[in-house]
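Just so you know, we're using the working numbering here: the sequence shown kicks off at 1 and counts up by one. Every residue gets a Cβ at the ideal spot worked out from N, C-alpha and C, and that includes glycine. Treat the numbers as computed from the prediction; the structure is a model and nothing was measured. What follows is a set of notes on a single structure, which appears directly below.
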Amino acid sequence: MNYIITGENFTSHLLQELDGDFPLEILTEQELRESDISFHKEDKLFLPSQSSLDPVMERMDCPERLHAIEQLTDKYRCRSLMRAMFPDFEFRELELSELREDMFSPDRKYVIKPTKGFFGVGVRTIEKPGDIHAIEEEIRRDLEVNRGFFSDRIFSGERMIVEQFIEGDEYAIDMFYSEQGKPIIVNLAHHPLPKRREYDHVLYYTNHRIFRLYPPERDPGRNFSPYPCRVQTRKRRAGADRIESVSLWRIRHG
């Protein structure tokens, strides 16, 4: 069966116009919660809102798919999957309260973020180890404002990942794994980074030149077939052949 599960904040009427035209069932999050539906290996799901992920995972009757979602939802576990590809990449998991100045090299830039989260909540860049205490309090205030909206399954609170900052031009790759485990790229976009965080997700663009930059053999998730995901990478300006993954996560959330 094919399902579309809309979230509490989903307002578009366009999906409802598909009802009856395609072999799929469209449910609101509330309708799903009130139903006895469970999802099996052969089912295909599309979730346009993050808030719907929690009730879907509660009804997932497929351990392999549930495991894949949990792996890609957790940034530390996902980064650990790519350790063999990037053995020199520095990252660690810790509680926000465990941050100390001596954890950070003064000549290296870092990023800190919740191991589970989205929308840039609690994400900060660390450039000077001496700033860590101010950054800790800033993150804690940010988390306090947002933690009440989502469950622990999709938002980790003060459980954080700290990783070295990756310089370079950023690209977003939408892809899926075939039944044979082959990565299939369906979209690749350049994401120019703005100076102000408020505009971080405003602009993505693509063209033929961009599609020639990313080698499909870069495959950090072979165990997730068949599965759609997004890979976020950065291409270093110095050393044009150097591409590193910033993150990898499930596309919502088929």
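Residue state for D142 is assigned as helix, using DSSP reduced to three classes.
In this structure, the CA atom of V162 is about 47 Å from the CA atom of D21. Here Y110 is buried. Its C-beta has 16 or more other C-beta atoms within 10 Å. The three-state reading of DSSP puts H191 in strand, counting E and B together. Burial is judged here by how many other beta carbons sit within 10 angstroms of a residue's own beta carbon; E136 has at least 16 and is buried.
Measuring C-alpha to C-alpha distances from V56 to each of L81, Y199, I5 and R197 identifies I5 as the nearest. In this structure M175 is buried. Its beta-carbon is surrounded by 16 or more other beta-carbon atoms within 10 angstroms. Using a Cβ-Cβ distance cut-off of 8 Å, the stretch 141 to 149 and the stretch 118 to 128 are in contact, since at least three pairs of beta carbons, one from each stretch, lie closer than that value.
C-alpha of R159 to C-alpha of F119: approximately 16 Å in a straight line.
The beta carbon of Y205 sits closer than 7 Å to the beta carbons of A189 and H190 from its chain, once the five residues preceding and following it are set aside; these are given in chain order.
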